[in-house]
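Trainee: For reference, the structure I am asking about is given below.
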Amino acid sequence: MLNNQHIDVIKSTIPLLESAGPALTEHFYKRMFTHNPELKDIFNMTHQKTGRQSVALFEAIAAYAKHIENLAALSSAVERIAHKHTSFNIQAEHYQIVGMHLIETLRELAPDAFTQEVEEAWTEAYLFLAQIFINREDELYTLREQAIGGWKGARPFVVVSKTAESEAVTSFVLKPKDGGKVVAFVPGQYIGVKVKPTLSENIEIRQYSLSDSPNGETYRISVKKDSADNGHAGLVSHYLHQEVFVGDTIEVMPPAGDFFYVEKQAPVVLISAGVGCTPMQGMLNHLSETNKPQAVTYLHACDNANQHSFVEETQSLLTRNDWNQHVWYREGEDQQCEVTGHVGMMTLNSLANELPLQTGNFYICGPIGFMKSIVEQLTSLGVMTERIHYEVFGPHASL
Ligand code: HEM
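With our numbering, the residue at position 231 of the sequence shown is 735, and numbering never jumps.
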């Protein structure tokens, strides 16, 4: 258990953690993958190569040290991370491995500062944090396992349909190979997909939002074929697009995610950019099926007509329910969107009279720069932050 002395020591090491940040992270992952290569089948090794993900764990540890006396401030981050971890099927024994490499990294990189007192305090503090995650993840695993259609870990699913939604996005409908039902989810959540791409030495796990409403029988995911990312083309998305066909089997972890639609008996505005439309498609389908009586508005931005996904499906949902939409094409006049004719970046000022700024709930999903801009625009139009909900695709970064 953490005592006051531990807390003082932890606080005194914050400058060390912050100053050594990138070096610590690099050393930690190198060390961990050398001693425990089996973890390469869990971590996204492309993120390791591009350096995109590696900072997240140490940033979270540094945030923990900073808030060690007020852990309640971390509860939403803990919830987000715990959901993410369950989609990788992370187990209690993994925490021992990560903890050991964290401590050894500190010892190896800062031998003078890493006194016995510091070691004791950090060992206790890490165990304490790990137990918070283990407990919450256990709860999530049990909930998913015990629900109708539920399961734990990886379950084989057959691809029953594969449909191009636009130039870069393709949907896959997945049905359990064992013929059983699937556990319900809340629109906005994702599943973990576990595959072994031909070009990869490792098993790869990726998260994809569920792009349809729950039906108890199948899941639909819609995957964007990722372009090169610092020279590393989307390994899994390319594999799914090019090598996985109807009849093939892939493994799936149960739904997870702390970004989801909550019914508040109020108008709703769904805002997305690019492949951020996938959770919105799940929400739109759900709102239509539940005959939402309040207004629904859909705002979407993408590069051009070729990148515009779910055009017909969205149009038919909007027409059926008499909902409004606006679509922006980023690329030039000649690519003007037929639906509403907006070009360039999404701007909300001109729509202020149409949007339920005082009463609505706003759900946003897309790249970080887009979401930052939309959150700023909404706040400056007077929308209260508690009515703005967002999901960052890819490694989490704070807005
Ligand atoms: C107290 C210990 C831990 C902390 C503070 C922590 C923190 C984090 C954070 C902040 C993220 C990013 C979440 C997001 O993108 O929304 C993350 C993702 C992830 N964590 Fe943890 N984690 C811990 C333990 C573990 C363990 C024990 C494992 C498994 C061995 C693990 C595996 C992963 C994986 C695979 C991801 C996804 C990112 C990637 O593939 O690189 N974590 N974790």
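Yeah, the Cβ is synthetic: ideal placement off N, Cα and C, and Gly gets one too.
How long is the line joining the alpha carbons of N857 and E880, rounded to whole angstroms?
Mentor: Looking up residue 857 in the sequence shown gives position 353. Looking up residue 880 in the sequence shown gives position 376. Cα to Cα, N857 sits roughly 18 Å from E880.
Trainee: Counting C-beta neighbours from all protein chains within 10 Å, is the total for S675 16 or more, i.e. buried, or is it exposed?
Mentor: Position 171 of the sequence shown, counted from the first residue, corresponds to residue 675. Its Cβ being crowded by 16 or more others within 10 Å, S675 is buried.
Trainee: Under the rule that 16 or more other beta-carbon atoms within 10 Å means buried, what is D962, buried or exposed?
Mentor: Residue 962 falls outside the range modelled here, since the chain spans only 505 to 903, and no answer is possible.
Trainee: Taking 8 Å as the limit between beta carbons, can you name the residues of its chain near P771, skipping five residues before and five after?
Mentor: Counting from one through the sequence shown, the residue named residue 771 turns up at place 267. If we look at P771 and ignore the five residues flanking it on each side, its Cβ neighbours are Q798, A799, V800, T801, P860, T863, G864 and N865.
Trainee: Within 10 angstroms of the Cβ of Q693, are there 16 or more other Cβ atoms? Answer buried if so, exposed if not.
Mentor: The residue you call residue 693 lines up with position 189 of the sequence shown. When all chains shown are included, Q693 counts as buried.
Trainee: Please state whether the Cβ-Cβ distance between F661 and V756 is less than 9 Å.
Mentor: Along the sequence shown, one-based indexing puts residue 661 at 157. Along the sequence shown, one-based indexing puts residue 756 at 252. Their beta carbons are under 9 Å apart, which means F661 touches V756 by this criterion.
Trainee: Evaluate contact between the region 648 to 657 and the region 674 to 691, counting only Cβ atoms and requiring at least three cross-stretch pairs below 8 Å.
Mentor: Yes: the two stretches touch, three or more of their Cβ pairs being nearer than 8 Å.
Trainee: As a quick exercise: from A809, K728 and Q829, pick the residue whose alpha carbon is nearest that of T818.
Mentor: Here residue 818 is taken as the residue at index 314 of the sequence shown, counted from 1. Considering only alpha carbons, the answer is Q829.
Trainee: Check whether the region 516 to 529 and the region 637 to 651 touch, using three or more Cβ-Cβ pairs below 8 Å as the test.
Mentor: No, they do not touch.
Trainee: Which of helix, strand or coil does DSSP assign to S670?
Mentor: Your numbering for residue 670 matches position 166 in the sequence shown. Looking at S670 - three-state DSSP - the assignment turns out to be coil, as it is neither helix nor strand.
Trainee: Less than 8 Å between the CB of E563 and some heavy atom of the ligand HEM, yes or no?
Mentor: In the sequence shown, counting from the first residue as 1, residue 563 sits at position 59. Yes.
Trainee: Spatial neighbours of I546 within its chain, please: CB distance less than 6 Å, with the 5 preceding and 5 following residues excluded, ordered by chain position.
Mentor: Within the sequence shown, numbered from 1, the residue matching residue 546 stands at position 42. If we look at I546 and ignore the five residues flanking it on each side, its Cβ neighbours are F592.
Trainee: Helix, strand or coil, according to DSSP, for I546 in the structure here?
Mentor: The residue given as residue 546 occupies position 42 in the sequence shown. Coil at I546, not helix or strand.
Trainee: Residues bridged to Q769 by DSSP?
Mentor: Taking the first residue of the sequence shown as 1, we reach residue 769 at position 265. DSSP lists no partner for Q769.
Trainee: Given a cut-off of 9 Å, decide if I572 and K515 are closer than it, judged by their beta-carbon atoms.
Mentor: For the purposes of this step, residue 515 is identified with residue 11 of the sequence shown, where counting begins at 1. For the purposes of this step, residue 572 is identified with residue 68 of the sequence shown, where counting begins at 1. Their beta carbons are under 9 Å apart, which means K515 touches I572 by this criterion.
Trainee: State buried or exposed for R724, treating a residue as buried only when at least 16 other CB atoms are found within 10 Å of its CB.
Mentor: Within the sequence shown, the letter at position 220 stands for residue 724. With 16 or more other Cβ atoms within 10 Å, it is buried.
Trainee: Helix, strand or coil for F689, going by three-state DSSP, please let me know.
Mentor: Residue numbering aside, residue 689 sits at position 185 when the sequence shown is read from its first letter. The answer is coil: DSSP assigns F689 none of H, G, I, E or B.
Trainee: With a floor of 4 residues, list each alpha helix (DSSP H) that falls wholly inside the region 754 to 805, ordered by position along the chain.
Mentor: As far as the region 754 to 805 is concerned, its whole alpha helix (DSSP H) runs of at least 4 residues are 781 to 793.
Trainee: Let me know the beta strand (DSSP E) ranges lying completely inside the region 708 to 749, each 3 residues or longer, listed in chain order.
Mentor: Those beta strand (DSSP E) runs which fall completely within the region 708 to 749 and span 3+ residues are 708 to 713 and 723 to 728.
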